[in-house]
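S.K.: Before anything else, here's the structure in question.
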Amino acid sequence: NAGVTQTPKFRVLKTGQSMTLLCAQDMNHEYMYWYRQDPGMGLRLIHYSVGEGTTAKGEVPDGYNVSRLKKQNFLLGLESAAPSQTSVYFCASGDLTNEKLFFGSGTQLSVL
Amino acid sequence: EDQVTQSPEALRLQEGESSSLNCSYTVSGLRGLFWYRQDPGKGPEFLFTLYSAGEEKEKERLKATLTKKESFLHITAPKPEDSATYLCAAYNQAGTALIFGKGTTLSVSS
């Protein structure tokens, strides 16, 4: 049972490049989330999904897009990376009770 | 605006020295107050959920309590392995996403 798996674990981009972060969960959870974590800022919600085919904006959605085409996968896209998007990105999932979230191990992204 | 605030930002304890971490929230219609532990380089790991004022939950040396405006994470006789960042979170008003505090980084030295 892998839980929540994020790929890649590390990535370095140049300003203006694009990339997609993949989150996969094998727990049949309805809810999935993307957070970013920066020093002194805590975890901030980027986008989330309450079910397959649905997405919603969180606290800091600008510069990111997401898709939930399959229930088990939640993709986070950066169309034109900026240095301000240098951060650690965490994906999480939860079931319909949402009593607790399960987090992936994170993706360290650096934008130069 | 829904908000979760944690204090202190950092806490240094000697092994065996008990203390408490604070989490205050201004979320209307609280649907759950959560505590997570995060070790360096890893994702947060669930500890507790509290739903109503007066509720308490325990796990080993940790005990979480909830009032109408605050939650406390009490650490009794901590050990070095309790060193981590402790995060508090509450659901937004829609009940669809967790709002996290900035965390308290706990260091326990032997």
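Here the protein sequences line up with chains A and B, keeping their order.
Going by this note's numbering, 7 is the number at position 7 of the first sequence; the sequence numbering is gapless.
Going by this note's numbering, 1065 is the number at position 65 of the second sequence; the sequence numbering is gapless.
Ideal Cβ placement from N, Cα and C applies to all residues, glycine included.
No experiment lies behind these values; they were computed from the predicted model shown.
So B:T1096 contacts chain A; which residues on that side make the cut at Cβ distance below 9 Å?
M.R.: Under the 9 Å cutoff, chain A gives Y31, Y48, V50, A56 and N98.
S.K.: Listed from N- to C-terminal order along the chain, which residues in the stretch 15-44 of chain A have their beta-carbon within a distance smaller than 8 Å of any beta-carbon of chain B?
M.R.: Flagged, chain order: Y31, Y33, Y35, G40, M41, G42, L43 and R44.
S.K.: Quick test of your reading: B:L1106 and B:A1084, contact by CB under 8 Å. State the CB separation rounded to the nearest angstrom.
M.R.: That pair is a contact at about 6 Å.
S.K.: Is A:S84 close to chain B? Criterion is C-beta to C-beta, closer than 9 Å.
M.R.: So, not an interface residue.
S.K.: I think B:S1019 touches B:L1013, with their Cβ atoms under 8 Å apart; what is that distance to the nearest whole Å?
M.R.: The pair is a contact, with the Cβ atoms about 6 Å apart (cut-off 8 Å).
S.K.: Can you give me the C-alpha to C-alpha distance between A:P83 and B:E1055, rounded to a whole angstrom?
M.R.: Those two C-alpha atoms are separated by around 44 Å.
S.K.: Within 9 Å of any Cβ in chain B, is that where the Cβ of A:G53 sits?
M.R.: No, its Cβ sits nowhere closer than 9 Å to a Cβ of chain B.
S.K.: Would a C-beta distance cut-off of 9 Å place A:G42 and B:F1100 closer than the cut-off?
M.R.: In this structure, B:F1100 lies closer than 9 Å to A:G42 by Cβ.
S.K.: Near A:T54, what residues of its chain come up, given a Cβ to Cβ distance below 8 Å and the 5 sequence neighbours on each side ignored?
M.R.: Cβ within range, chain order: R68.
S.K.: If A:Q25 sits next to A:M32, beta carbons under 8 Å apart, how far is it from one beta carbon to the other, in whole angstroms?
M.R.: Right, the Cβ-Cβ distance comes to about 7 Å (below 8 Å), so this counts as a contact.
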